[in-house]
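Here's the structure we're looking at; comments come further down.
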Amino acid sequence: MKYLVLVSILFINVSLFAQNIGVDVNINMKHTVGDVSTFEREKFITVHAGIRENDWTQYGSTDPSNIKDDLMNQKDVYFGRNTGEITWNINGVLNEDPQRPGFVDLDQLKEEGEKHRDNYINRTDFNSYGERNNSHILATQFHPFWPDGKETSKGWSFSQADTDEEPFGTASGEYCAHFIKEYYEQGSEKRPAYFEVINEPIYEMFGCEDCGETDEGIEQIFKYHNTVAKEVKKVNPDMKVGGFTTAFPNFEYDNFQRWEKRWNKFMDTCGENMDFWSIHLYDWPTFRGERRMRKGSNLEATLDMMDHASFDKFGEVKPTLVSEYGAQVHSMLQDQWSSERDWYYLKSTNSMMLTFMDRADNIAKALPFIVLKATWGTVDGVPYNWRLLRQEDEPNSLTGDWVYTDLILFYDLWKDVKGTRVENLSQNVDIQTNAFVDGNQLHLILSNLNQNTETIELSILGQGDNTIESIQSKHLYGINNGAFLKEEVLSEDTEQVTLQAESTMILTYTFAEDIAIEETAGETKYFSDVYYQPIDGTEQSFKISGLELDEYGEAVLRIGMGRSHALSKQPTVKVNGTNVVVPTNIRGDLQEQRDSFFGVVEIPVPYELLEVNNSISIQFPESGGHISSVNMRVYNFSQEVTRTFDTTPPTSVNDIKLADKIKLYPNPSNGKEVNILVNNQQLPNTFTLLDINGRVIKNEVVSASQFSISTVDLKSGVYIVRLQFGDQFINKKLIIE
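Residues -18 to -1, 1 to 719 in mature numbering (1 follows the signal peptide of the UniProt record, and there is no 0) are what the sequence shown spells out, letter by letter.
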């Protein structure tokens, strides 16, 4: 847990006062995000490879012998992205049109396309995996597509003309359009679902993150996007085209000049021609000896700003395609393979994927950057870092059969997860959660953004008389400078688990009967009327309108911001004129080693404060930086949901310590009474006992620091003990056996 202290620029790690973190799962309540209510494996459980890649079968023997079958059919993985075929064909097969210099010979392209389709039809190692390839991505590399005179191996280059009749990139776009038309469908391989115009063009053009980019160069890249998109859609009207596949978004860089010059300009210049936004996202855990992470609050702010800008400019949130994500371990780039480096990749991949899953309605696809053998990437005897397969004798020698690296643990961890999303909530934003029901099984995902061990209190609710028969645990964590996946069977009455630092655990509960999902939780995100506002130290107003509200629900106000580390991250916030409690904890680390802070503060808002049209006021104590986005996540429930923990965020270290001063014993209880001890100078005003459905069973004034409640008339189950201290409520879970 990371908490921002308001009275100074010092940061105090409140895990010194760590308490157990509650996680509630209502297994009888379907959770729909927008219009998505299932775990879409085809969207999230993917490999950065195509169906025809040579790496599946060439360059030596593999163990297991059929890697493609093991990955696709045994581990339930889907193909993700292909940049090779479209590049290989233009680079080594297709000739220039003798009548049109700088353009591909379309007659030859059509002939080669037919061969390509027939090859798929005639090979069962291709066509038998067709159902794993229904939403794959096609992308081009920078060369030879970028029109700068770079020749293909056939001795010609794309036209560099830039006229009204032939806008810049026309020849490249025409080739892409006809490749898509002729090389797919017509009884053969399914056409790609997404086409990325060009891969990481700014990085390729200028050489690194900050290597003297020019406004003219960036404008030329955006002009190229428009031209190629129009050419592709001229031949394939319903093809989804997007860009600009940026490598390092860093919107807050140079007081948001990076946003202004790149993504904002791209949306303004090319947005009408784009069906989706394409982006690459990487953690840098060891960059120049520093930890520069995206996972957590920085990633939330990045995606929120893109979504809000899209909504503001086009009246819709165009989907985001994350065609690469994971980690770059700079300190180990030149090292041979190691499990330690794989662990860096794995922990970033799991954390980021849970963020993408949280936005399932607006993420088109999220593809971890895990390639196959990548022999093309070996440089000076050092293999490519991000491989799923290595040679058995590595790291000592680049010899032996091909075997899995530890990146396979990502797929082993997620292998069995499927089903309907059900309502779940973590008490602490540093513990990411999700949950899915499939028949008589519940898959509960827990992931720890903290760099320390956390104890999780589990509350599985809404099961009625359906009993838990078994719990299978998979826990992926780091140990002895490497990655380890621990699989074990837990006792069916397990209510507490330990999450290692930056680890991910998947608990599979098997119930006696199929789980009845009879209630609903609908989630909708609403954006404010304006975004990207400079912070001036005064009260700044935003409107969030058009909310659809039910009788029961919850809400979270999300404020994105980019500011100097020395400035406050905790504004005063009012919703419809009422002050709301702004948490001091943010998701993930505090980004101290990034140049500045860019993140989201997530503020629980009492549901009863909400109206159809809402006014939000935000005031920081000083000027500087920007509010990057403002939105409200609203959850409408078909029945009242009672949490086993207090959802009001702590405002100080004292608030956190107060919860630790309240003890219930015995708990669980099978006796006649339960004792409540309040080891605090201030006594609570009232004590309330509620059942798990929120019905009040007892409500009494508290007059002593220790008292007891009779449990004789209570049925077995979970109850909530709620103590009121002025305006603050502390909830404790009580179990009656």
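All residues carry an ideal CB built from backbone N, CA and C; glycine is no exception.
In this structure, the CA atom of E234 is about 6 Å from the CA atom of F580.
In this structure, G224 sits near F258, with a CB-CB distance shorter than 9 Å.
T629 carries a coil assignment under DSSP once its states are collapsed to helix, strand and coil. Cβ-Cβ separation between I352 and T302: approximately 20 Å, too far for a contact (criterion under 8 Å).
Take L671, set aside five residues on each side of it, and the residues of its chain with a beta-carbon closer than 7 Å to its own are I679, K680, I691, Y701 and V703, in chain order. With the rule of 3 Cβ pairs closer than 8 Å, the region 475 to 488 does not count as touching the region 589 to 597. By the C-beta criterion, the region 608 to 625 is judged to be in contact with the region 536 to 547, since at least 3 inter-stretch pairs fall below 8 Å. Taking a C-beta distance under 9 Å as the contact criterion, L443 and N8 qualify as a contact pair. The alpha carbon of N448 has as its nearest neighbour, out of Y647, E530 and E495, the alpha carbon of E495. The shortest C-alpha to C-alpha distance from G519 to any of L572, R369 and E604 is the one to E604. In the DSSP secondary-structure assignment, R403 is bridged to F418. Minimum Cα-Cα distance from K643 among the listed residues L659, P650, S651 and N649 corresponds to L659. In this structure, D87 and E78 form a Cβ contact; the two beta carbons are roughly 6 Å apart against a cut-off of 8 Å. Straight-line measurement puts the Cα of V623 at about 43 Å from the Cα of W368. In this structure, the beta-carbon distance from S139 to P129 falls below 9 Å. In this structure, DSSP gives L328 a helical state, which the three-state scheme calls helix. As the crow flies, the alpha-carbon of N246 is around 13 Å from that of E254. In the three-state reduction of the DSSP assignment, I526 falls in the strand class, which pools E and B.
Taken atom to atom, the span from the alpha-carbon of T134 to that of G95 is near 19 Å.
Considering only E451, Q482, N463 and A153, the residue with the shortest C-alpha distance to S473 is E451.
The beta-carbon distance between K347 and Y176, rounded to whole angstroms, is 7 Å. This is short enough to meet the 8 Å contact definition. Judged by their CB atoms, C158 and V214 are nearer to each other than the 9 Å cut-off.
Counting only residues of its own chain and dropping the five nearest sequence neighbours on each side, Q482 has a CB closer than 6 Å to the CB of T435 and Y459. For S141 and H118, the gap between their C-alpha atoms comes out near 29 Å. In the structure shown, I712 falls within a strand segment according to DSSP collapsed to helix, strand and coil. Spanning the alpha carbons of T331 and F338 requires a straight line of approximately 10 Å.
Boundaries for N561: no alpha helix (DSSP H) harbours it, while the beta strand (DSSP E) harbouring it runs T560 to V562, taken from the DSSP string.
Secondary structure of Y111 (DSSP, three-state): coil. Annotated three-state conformation of A31 is coil, per DSSP. Here the region 400 to 419 lies against the region 6 to 26, with 3 or more beta-carbon pairs under 8 Å apart. Between the region 369 to 385 and the region 36 to 53 there are three or more C-beta pairs closer than 8 Å, enough to call the two in contact. Per DSSP, the unbroken alpha helix (DSSP H) holding M249 starts and ends at K247 to C252. In the DSSP assignment, Q454 falls within the beta strand (DSSP E) that extends over I450 to G460. Going by beta carbons, L407 and R173 fall outside the 9 Å limit. Bounds of the beta strand (DSSP E) holding V660 are E655 to V660. Scanning its chain for C-beta atoms nearer than 8 Å, with the 5 sequence neighbours on each side dropped, one finds around P80 the residues D87, in chain order.
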